[in-house]
Amino acid sequence: MNIEKTYKKLQFWNKVYAITNPGRNRLNFNFNLKKKFFLIFLVSSIIPITSFIAYSYFSTRDLITKQSYSSLNETLNQINLNIENRLEYYHKLSDSLYMDSQLRNYLSNNYLEAFYYLDAFNYINSTLSTMLTLNSKIQGITIYTDNKTFYSDGVFVKYMEDIPERVKQEALQAAGDTIYMQLQDEESLDYHITLARSLSYFSLTHPYGILTINIDNDEIYSLIKQESVNKSIYIIDESGTIITAGDKEMVSQSLYDTFPIEDQLQASSGRFEEDIDGQKCFFLFKQLSNGWKSVITVPYSQLMEDAEKSTERIIWISILTIAASIILIHITTKLITKRIEQLLQQIRKVERGDFEVSIQSTSRDEIAQLSFAFNKMASKIQELIHDVYVKEISMKEAELTTLQAQINPHFLYNTLASISSLAIKEGDMQVYQMVNHLSKYYRISLNKGKRIILIEQEINLVKNYISIQEIRFKGMLRMHYDLDETLFQLSTIKLILQPFVENCINHAIWNESGINIIVKLKSYGDDILLQIIDDGMGMTPANLEKALKKTSNNSGYGINNVDERIKLTYGESYGVEIFSRLGIGTSVTVRIPKMKIYEV
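Take the sequence shown: its position 48, counted from the start at 1, is 48 in UniProt numbering, and no numbers get skipped.
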């Protein structure tokens with residue numbers, strides 16, 4: 001039994017919640033004009049700004065990347081040019097010996113006695129010594145000969161069997177052309193560059209010797225040293241052996257042991273990217289005239305360092321530009337909508353019944369024209385109020401006065417008092433209570449002809465009316481009160497709740513289980529809300545519209561009468577709102593302003 005009662009209570013409060021919160025699951029996606037303007041301006045500005053920034057970002061990044069490639073290419077070309085110039089210098093130096101007919105004669109003669117080659121020795125010694133003196137980077141000049149009758153001093157002149165086999169073979173194959181190779185000194189173990197050339201100018205098929213010039217490795221290293229900042233530079237021979245490099249420790253090593261790029265270097269020049277130990281590297285190479293190759297490698301991250309810095313600057317500029325745009329858009333939107341908001345404020349004043357409004361505008365745009373038209377409209381409405389609104393109030397007050405005049409209060413009170421006394425004598429307490437409540441009800445409702453009473457009196461009027469009806473319906477009415485007593489001493493026009501309670505009793509009860517009625521009184525900002533909620537049979541939309549419709553034969557204080565009296569007294573923004581669902585119940589909300597009696 002207790003479970004059944006609890007379940008019924010839950011059903012009742014669920015119905016109440018459904019009635020009082022009909023739009024609880026609805027989302028409002030409406031924006032005000034200021035936000036709409038802001039969004040329109042924002043989209044209109046941000047899209048082109050963002051597009052321009054994106055274009056600048058990619059263009060700048062691409063330009064800097066191309067500049068980086070171009071700079072590396074210029075560096076490579078300059079290195080090659082410098083090396084070519086130095087090698088050409090040594091080539092011409094060798095030409096002076098290669099085309100020296102006197103040297104050929106000395107090397108080709110047979111010397112039977114030592115004094116016969118003394119002139120030859122002095123000539124060679126003087127010539128080569130002068131070359132060494134004038135060129136500090138030349139470590140040694142040697143002529144290898146097959147002429148066993150020529151004296152070998154072990155420095156400038158040596159016999160052919162003393163020449164390294166590799167030098168001999170390549171020099172003879174070159175047939176007078178200059179070849180370059182890297183060799184290691186047997187004593188110091190230092191590496192040097194050897195220029196080798198067969199002396200065959202006067203007899204291409206029968207060389208009379210091989211010339212070698214040993215050049216200090218620093219001669220080539222000095223040409224790449226200054227360019228090796230933030231990049232790695234390698235000069236390699238045809239086999240990939242490093243002739244010189246920014247890192248001297250790598251001299252004589254194979255470049256392909258460090259970088260597996262042999263296949264990529266088959267062409268005479270080019271550029272490519274390769275992952276080395278998980279790091280992306282950029283390679284640029286170009287072949288020299290002697291078959292060597294210059295190779296530059298730079299980590300891709302370092303190559304793009306300037307691009308990354310530029311990108312970072314663009315991002316910051318973008319952020320600042322967008323932020324400035326948003327601020328300017330906000331200010332512009334505010335300036336545009338400020339006058340519209342001022343107009344809206346005045347419209348709301350008119351909505352609340354204050355028609356003494358005026359909007360001053362010095363401009364001549366559309367908003368100014370709208371403000372002028374609004375001022376004119378408000379003035380016209382104020383004139384109409386005097387002719388229509390005031391007359392309507394007077395007519396309604398006259399009707400109410402006539403109605404109250406039809407009732408003789410003293411006769412009514414005396415009659416009810418007599419009935420009450422008679423009921424006590426007869427011992428009929430039920431009749432006594434009913435008459436007593438009826439007397440209190442009429443004292444409040446008639447109120448000596450005054451239409452303004454305290455809210456507390458209006459609540460008591462309802463309670464007296466309910467007390468009478470409870471005797472009639474015997475347990476079918478279950479009343480619940482949720483009252484903010486701090487509002488009791490504020491004023492209201494009388495008889496704004498009782499008609500709706502009466503309507504609940506007369507029309508909402510639909511079975512023997514009776515009805516629950518809630519009377520609420522609460523504050524809502526500067527207004528007061530009075531609510532009557534029932535869980536009766538409710539109404540269809542058609543019946544609700546019919547109940548709200550004013551007809552000429554309506555009598556008493558019906559729904560429409562209450563709404564009209566509230567609007568006539570307090571303004572169009574106040575009145576009655578009704579929400580009803582068939583089978584669930586009805587919720588009536590009466591809204592009036594917070595006012596003392598003397599303020600009405």
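A virtual CB, placed ideally from N, CA and C, is assigned to each residue, including glycine.
Contacting residues, own chain, Cβ-Cβ under 8 Å from residue i (five flanking each side not counted)
{"i": "Ser-269", "result": "Phe-285, Lys-286, Gln-287"}
{"i": "His-206", "result": "Ser-200"}
{"i": "Ile-220", "result": "Ile-83, Arg-86, Ile-193, Ile-235, Ile-243, Thr-244"}
For residue i, the first and last residue of its enclosing beta strand (DSSP E)
{"i": "Ser-523", "result": "515-524"}
{"i": "Asp-275", "result": "269-276"}
{"i": "Ser-232", "result": "232-236"}
{"i": "Lys-156", "result": "As written in the sequence, residue 156 is Phe, which differs from the Lys given in the question. Neither: Phe-156 is in no beta strand (DSSP E) and is coded neither H nor E."}
{"i": "Val-229", "result": "Run containing Val-229: none; DSSP gives neither H nor E here."}
{"i": "Lys-199", "result": "Here residue 199 turns out to be Leu, not Lys, going by the sequence shown. Looking at the DSSP string, Leu-199 is not in any beta strand (DSSP E), and its letter there is neither H nor E."}
{"i": "Leu-529", "result": "527-534"}
{"i": "Lys-280", "result": "279-287"}
{"i": "Ile-592", "result": "585-593"}
{"i": "Lys-293", "result": "293-299"}
Spatial distance of residue i from residue j (CA atoms)
{"i": "Asp-534", "j": "Leu-521", "result": "15 Å"}
{"i": "Asn-110", "j": "Phe-150", "result": "7 Å"}
{"i": "Asn-560", "j": "Leu-548", "result": "6 Å"}
{"i": "Val-298", "j": "Ser-254", "result": "18 Å"}
{"i": "Glu-227", "j": "Leu-128", "result": "33 Å"}
{"i": "Ile-340", "j": "Arg-348", "result": "12 Å"}
{"i": "Ala-175", "j": "Gly-246", "result": "33 Å"}
{"i": "Thr-75", "j": "Ile-163", "result": "37 Å"}
{"i": "Thr-145", "j": "Ile-213", "result": "15 Å"}
{"i": "Tyr-159", "j": "Asn-105", "result": "17 Å"}
{"i": "Ser-580", "j": "Ile-471", "result": "27 Å"}
{"i": "Ile-493", "j": "Pro-499", "result": "13 Å"}
{"i": "Tyr-557", "j": "Ile-532", "result": "Because the pLDDT at Tyr-557 is just 46, under 50, the model does not fix this residue reliably, and the value given afterwards should be weighed accordingly. One C-alpha to the other measures close to 16 Å."}
{"i": "Ile-224", "j": "Lys-231", "result": "11 Å"}
{"i": "Thr-142", "j": "Asp-257", "result": "34 Å"}
{"i": "Gln-78", "j": "Phe-282", "result": "19 Å"}
{"i": "Ser-587", "j": "Asn-516", "result": "12 Å"}
{"i": "Ile-315", "j": "Gly-575", "result": "58 Å"}
{"i": "Tyr-123", "j": "Arg-166", "result": "29 Å"}
{"i": "Asp-100", "j": "Tyr-89", "result": "17 Å"}
{"i": "Lys-293", "j": "Met-181", "result": "13 Å"}
{"i": "Ile-296", "j": "Ser-318", "result": "35 Å"}
Where residue i falls: helix, strand or coil (DSSP)
{"i": "Tyr-180", "result": "strand"}
{"i": "Leu-490", "result": "coil"}
{"i": "Ala-245", "result": "strand"}
{"i": "Pro-260", "result": "coil"}
{"i": "Leu-103", "result": "helix"}
{"i": "Ile-210", "result": "strand"}
{"i": "Leu-27", "result": "Since pLDDT at Leu-27 reaches only 41, below the 50 mark, its modelled position is unreliable, and no value is offered."}
{"i": "Gln-345", "result": "helix"}
{"i": "Ile-138", "result": "strand"}
{"i": "Arg-581", "result": "strand"}
{"i": "Ser-552", "result": "Confidence is the limiting factor: at Ser-552 the pLDDT is only 44, short of 50, which leaves the residue's position unreliable and the question unanswerable from this model."}
{"i": "Val-576", "result": "strand"}
{"i": "Ser-254", "result": "strand"}
{"i": "Glu-84", "result": "helix"}
{"i": "Asp-95", "result": "helix"}
Residues near residue i in its chain [Cβ-Cβ closer than 6 Å; skip 5 each side]
{"i": "Leu-582", "result": "Gly-538, Thr-540"}
{"i": "Met-476", "result": "Gly-514"}
{"i": "Phe-202", "result": "Arg-104"}
{"i": "Val-590", "result": "Ile-496, Leu-530, Val-576"}
Range of the contiguous alpha helix (DSSP H) that encloses residue i
{"i": "Pro-541", "result": "541-548"}
{"i": "Asn-560", "result": "559-570"}
{"i": "Asp-119", "result": "118-134"}
{"i": "Tyr-465", "result": "455-473"}
{"i": "Pro-499", "result": "498-503"}
{"i": "Glu-170", "result": "165-174"}
{"i": "Leu-370", "result": "366-384"}
For residue i, the residue or residues it bridges with in DSSP
{"i": "Tyr-481", "result": "Val-519"}
{"i": "His-192", "result": "Leu-183, Asp-216"}
{"i": "Thr-145", "result": "Tyr-159"}
{"i": "Ile-452", "result": "Ile-493"}
Cβ neighbours of residue i in the same chain (closer than 7 Å, five flanking residues each side left out)
{"i": "Ala-405", "result": "Because the pLDDT at Ala-405 is just 48, under 50, the model does not fix this residue reliably, and the value given afterwards should be weighed accordingly. The answer is none, since no qualifying residue turns up."}
{"i": "Asp-216", "result": "Lys-137, Gln-139, His-192"}
{"i": "Ser-552", "result": "Annotation note: pLDDT 44 at Ser-552 (below 50); position unreliable, coordinate value reported separately. Excluding positions up to five away in sequence, the list is empty."}
{"i": "residue 677", "result": "In the structure as shown, the chain begins at 1 and stops at 600. Residue 677 is therefore absent and cannot be evaluated."}
Residue i: CB within 7 Å of a non-hydrogen atom of the ligand NAD
{"i": "Ile-124", "result": "With respect to the ligand NAD, the structure shown offers nothing to examine, as it has no ligands at all."}
Chain D within 8 Å of residue i, Cβ atoms only
{"i": "Tyr-208", "result": "No chain D is part of this structure, which consists of one protein chain only."}
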